Amino acid sequence: MIHPTAIIDPKAELASDVEVGPYSVIGAHVTIGAGTVIGPHVVIQGPTTIGRDNRIFQFASVGEECQDKKYRGEPTRLEIGDGNVIREHCTLHRGTVQDEGITSLGNNNLLMATVHVAHDCRIGSDNIFANTTGIAGHVKIGDGVILGGMTGIHQFCRIGSYAMTAGCSLVLKDIPAYVMVGGNPASARSMNFEGMRRRGWDADVIATLRRAYKTVYRRGLTLEQAIAELEPQQDGCPPLALFLDSLRASERGITR
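No gaps in the numbering here: position 80 of the sequence shown is 74 in this note's numbering, and each next residue is one more.
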């Protein structure tokens, strides 16, 4: 299961069925769960925890020191959940003490080739990040997000669940849940209604979110006015409540 050319630090903890390919290096304080497959020429440094049934492809760099010049070697962490696919040349860095000291990736995410996840990012589950996506430090991303190829996300941005970016988007502000953006700099185009239909969402829920989008983006209201108008409608509609939560959580302002 472990190729004889792989180098495994004695302080690393690997489940008995973890596979490690040729010339990979696994450092101290790395924990890897059952069913995970590490390809050839992968470097994993700790402290890093990797869950079950992940697959990490060749030339990925996981759990390395971050690229923040303020970092002074503090014992920060990278935490990866279960069922993720991390493709070639991806880089995922540990956190910094200027934040919570943790970079985290949830479950069942697909990171295509050359995706970069910087220090202190907190990423949910079931996301797809296309090739050469760059996610700067301190970014928070929800669940079910699709980032088009070569998307760049500015530090401290928040990307709400089920949001979507077009290829080559430059994201400088927060993206509310469900919203589709594109351009340089990115601007809001619509909501991901087709994605909702493919997930089998109820037509009434989709219609409610369509009206909510128009309230925020098409009627010339301030964000505070739009939220106040939509709040009475959120009872009994969790998707609308999620949309409103993402609006309230914005600290950089939303992408318009």
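Ideal Cβ placement from N, Cα and C applies to all residues, glycine included.
Small disclaimer: the values here were computed from a predicted structure and weren't measured.
What residue from Val31, Leu238 and Arg213 has the CA that sits closest to Leu203's CA? When Val31, Leu238 and Arg213 are compared, the shortest CA-CA separation from Leu203 is found for Leu238.
Would a C-beta distance cut-off of 8 Å place Thr209 and Ala222 closer than the cut-off? No, they are not a contact pair.
Burial state of Lys63, where buried means 16 or more other Cβ atoms lie within 10 Å: Answer is exposed; the Cβ neighbour count stays below 16.
Would you kindly report the start and end of the unbroken alpha helix (DSSP H) that includes Met190? Segment Phe187 to Arg192, the alpha helix (DSSP H) holding Met190.
Cα-Cα separation between Thr43 and Thr216, rounded to whole angstroms: Cα atoms of Thr43 and Thr216: separation of roughly 43 Å, rounded to the nearest angstrom.
Measuring alpha carbon to alpha carbon, tell me which residue in Ile32, Arg250 and Arg66 is nearest Phe51. If we check each option's Cα against that of Phe51, Ile32 comes out closest.
How many Å lie between Pro232 and Glu73 at the Cα? Taking the CA atoms as reference points, Pro232 sits about 28 Å from Glu73.
Around the C-beta of Asp198, are 16 or more other C-beta atoms found within 10 angstroms, so that it is buried, or is it exposed? With fewer than 16 other Cβ atoms within 10 Å, it is exposed.
Taking DSSP as the reference, what is the three-state secondary structure of Ala124? Coil, per DSSP.
Output the residue ranges of the beta strand (DSSP E) runs that lie fully inside the region 17 to 59 and measure 3 residues or longer, sorted by chain position. The qualifying runs are 24 to 26, 42 to 44 and 55 to 58.
Using the C-alpha atoms, what's the distance from Gly67 back to Thr97? CA-to-CA, the gap between Thr97 and Gly67 works out to about 15 Å.
Three-state class that DSSP yields for Arg205 in the structure shown: Three-state result, Arg205: helix.
Proximal residues to Ala0 (C-beta, below 6 Å), its chain only, five neighbours per side dropped: Within its own chain, the residues whose Cβ lies closer than 6 Å to the Cβ of Ala0, once the five positions on either side in sequence are excluded, are Val14 and Ser18, listed in chain order.
Under 8 Å between the Cβ atoms of Ile117 and Val109? For Ile117 and Val109, no; Cβs fall outside 8 Å.
Per DSSP, Ser98 is paired with what? Beta-bridge pairing links Ser98 to Glu73 and Arg116.
Report the three-state DSSP secondary structure of Val109 (helix, strand or coil). When DSSP states are grouped into helix, strand and coil, Val109 belongs to the coil group.
Quick one, which of Asn121, Thr70, Val165 and Pro69 has its alpha-carbon nearest Asn178's? If we check each option's Cα against that of Asn178, Val165 comes out closest.
Taking the C-alpha atoms as reference points, what is the distance between Val24 and Asp196? As the crow flies, the alpha-carbon of Val24 is around 44 Å from that of Asp196.
If you drop the 5 nearest sequence neighbours on each side, which residues of the same chain put their C-beta closer than 6 Å to that of Val133? If we look at Val133 and ignore the five residues flanking it on each side, its Cβ neighbours are Cys115, Ile147 and Cys151.
Report the three-state DSSP secondary structure of Asp168 (helix, strand or coil). Correct three-state label for Asp168: strand.
Classify Asp11 as buried or exposed, calling it buried when 16 or more other Cβ atoms lie within 10 Å of its own Cβ. Asp11 should be labelled exposed.
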